[in-house]
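Reminder that position 310 of the sequence shown reads as 309 in numbering that gives the first Met the number 0, one-by-one numbering, no gaps.
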Amino acid sequence: MKTEFKTYTVEEICDGFEYNELEGKGLYGLAGQLTIQPEYQRNYIYADGKRDVAVIDSVLKGYPLGLIYFNKVEEGRLEVLDGQQRITSLGRFLKNKFAVKINDLEQIFDGLNDGMQQKILQTKLLVYICEGEGEHAEEEIKEWFKTINIVGIPLNHQEELNAVFSGPFVTACKAEFSNSQNANIQRWESYVKGPANRQQFLATALEWVSKGNVDGYMSAHRRDDNINEIKTYFNTVIDWVDSKFDDVYDEMQGLNWGELYERFHNQAYNHSELSAKVYQLMHDDFVTNRRGIFEYVLGGCQDTKLLNIRLFDKPTMRKVYQQQTDKAKAENVSNCPYCAIGHDANRQRIWKLEEMDADHVTAWSKGGSTDISNCQMLCKTHNRAKGNR
Ligand SMILES: [Zn+2]
Numbered sequence: 000m001k002t003e004f005k006t007y008t009v010e011e012i013c014d015g016f017e018y019n020e021l022e023g024k025g026l027y028g029l030a031g032q033l034t035i036q037p038e039y040q041r042n043y044i045y046a047d048g049k050r051d052v053a054v055i056d057s058v059l060k061g062y063p064l065g066l067i068y069f070n071k072v073e074e075g076r077l078e079v080l081d082g083q084q085r086i087t088s089l090g091r092f093l094k095n096k097f098a099v100k101i102n103d104l105e106q107i108f109d110g111l112n113d114g115m116q117q118k119i120l121q122t123k124l125l126v127y128i129c130e131g132e133g134e135h136a137e138e139e140i141k142e143w144f145k146t147i148n149i150v151g152i153p154l155n156h157q158e159e160l161n162a163v164f165s166g167p168f169v170t171a172c173k174a175e176f177s178n179s180q181n182a183n184i185q186r187w188e189s190y191v192k193g194p195a196n197r198q199q200f201l202a203t204a205l206e207w208v209s210k211g212n213v214d215g216y217m218s219a220h221r222r223d224d225n226i227n228e229i230k231t232y233f234n235t236v237i238d239w240v241d242s243k244f245d246d247v248y249d250e251m252q253g254l255n256w257g258e259l260y261e262r263f264h265n266q267a268y269n270h271s272e273l274s275a276k277v278y279q280l281m282h283d284d285f286v287t288n289r290r291g292i293f294e295y296v297l298g299g300c301q302d303t304k305l306l307n308i309r310l311f312d313k314p315t316m317r318k319v320y321q322q323q324t325d326k327a328k329a330e331n332v333s334n335c336p337y338c339a340i341g342h343d344a345n346r347q348r349i350w351k352l353e354e355m356d357a358d359h360v361t362a363w364s365k366g367g368s369t370d371i372s373n374c375q376m377l378c379k380t381h382n383r384a385k386g387n388r
């Protein structure tokens, strides 16, 4: 494979740029010589008002846009191998397809002053042009493209964000959160899913500190070289979880501890009771969603929906329905015991099986079991009303 290193200006690359709205694809550049999105490339995904804007921001601030790779298909015909998202963002901006905020004003390209327009147009892009040789040229190029795309593993969302918002903040964050040599990783892994090298700890730390507004946070802190806030917040959350529960369970990994910290960190808990309750629920066969246990106990054991308590099975429900209905018919009252003691038109109504739901007579949270002796059938309205109490 032959390679050649070249620089082009944005103006040259975007010469003859067209955007196909229907397919969401950038089409041509370099006065028609360049195909921006060949079939094997994914479609343009930067049109979200964030990543496309970030490309233009980078150019205006003089940040490097990174290397771009072209594949030379034949003399005078090039395809973009890597860089189509950046090029398409530039092309669309020059065509006034989106605005960027400059001095607090949303501005399109045509609205910029000459100086700014020229700054964008004359920005140099660094391009490697690769040319496969012989009859297997295309396979060779595609094989190599896979290699530069981190051995065929596509960028995940956080890796893309790191690229888009590259700068001192991301660099410092990666040194802390994406460093597999960090001695804290083992502790973090109890509560957060790794691995570090795919930016998972960083993604979680950003999610927590930004309360879900990751892009906004990264954009606002892009030029910071200190990461005290995110580091302190992340460690505060981890320390808090660590201090609340004696035992570490697999089910703790990957929960949204940042959100739980926000909701519950001001509450006082009896430490040994909390851990004992978790232990008991972990060993309760009726709890089918064990990951919900921590939120359930932190919230004062109120919201049993979090635990997804095992339901009565169909044969049990049919049997209880039959008993209740036979008895109700004999007494000329509704087969829903709550309807039967009411005063409305449903007092004598016989509901069909599918119009009723099974209810724990003694609530599961008060020790009631999920077996036939604790099962009653209620009409859906009354079952819902009881469940909400
Ligand atoms: Zn009823």
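Glycine included, every Cβ here is placed at the ideal spot set by N, Cα and C. Quick caveat: nothing in here was measured; it's all calculated off a predicted structure.
Sub-7 Å separation of residue i and residue j beta-carbons
i           : j           : result
residue 378 : residue 338 : yes
residue 27  : residue 17  : yes
residue 51  : residue 97  : yes
residue 267 : residue 226 : no
residue 4   : residue 127 : yes
residue 311 : residue 223 : no
residue 306 : residue 319 : no
residue 83  : residue 36  : yes
residue 179 : residue 196 : yes
residue 71  : residue 130 : yes
residue 157 : residue 202 : yes
Residue i beta carbon near ligand 1 (any heavy atom closer than 6 Å)
i           : result
residue 381 : yes
residue 338 : yes
residue 172 : no
residue 378 : yes
residue 374 : no
residue 300 : no
Rounded Cβ spacing between residue i and residue j (contact assumed at less than 8 Å)
i           : j           : result
residue 124 : residue 64  : 6 Å
residue 54  : residue 45  : 7 Å
residue 15  : residue 31  : 5 Å
residue 67  : residue 25  : About 13 Å separates the two Cβ atoms, so there is no contact after all.
residue 233 : residue 204 : 4 Å
residue 357 : residue 376 : 6 Å
residue 177 : residue 198 : 6 Å
residue 383 : residue 352 : About 17 Å separates the two Cβ atoms, so there is no contact after all.
### Query
Do the stretch 289-302 and the stretch 320-340 touch if we need at least three Cβ pairs shorter than 8 Å?
Cβ pair count under 8 Å is below three, so no.
### Query
At a cut of 8 Å, does the stretch 70-80 reach the stretch 186-201 through at least three beta carbon pairs?
Cβ pair count under 8 Å is below three, so no.
### Message
Tell me whether the stretch 104-123 and the stretch 155-162 touch, counting them as touching only if at least three CB pairs, one residue from each stretch, are closer than 8 Å.
### Response
Contact fails: fewer than three Cβ-Cβ distances are below 8 Å.
### Query
Counting Cβ pairs, one atom from each stretch, are 3 or more of them under 8 Å apart for the stretch 213-226 and the stretch 235-242?
Touching, no.
### Query
On the three-pair Cβ rule with 8 Å, is the stretch 243-259 touching the stretch 200-212?
The stretch 243-259, when compared against the stretch 200-212, does touch it at the 8 Å Cβ threshold.
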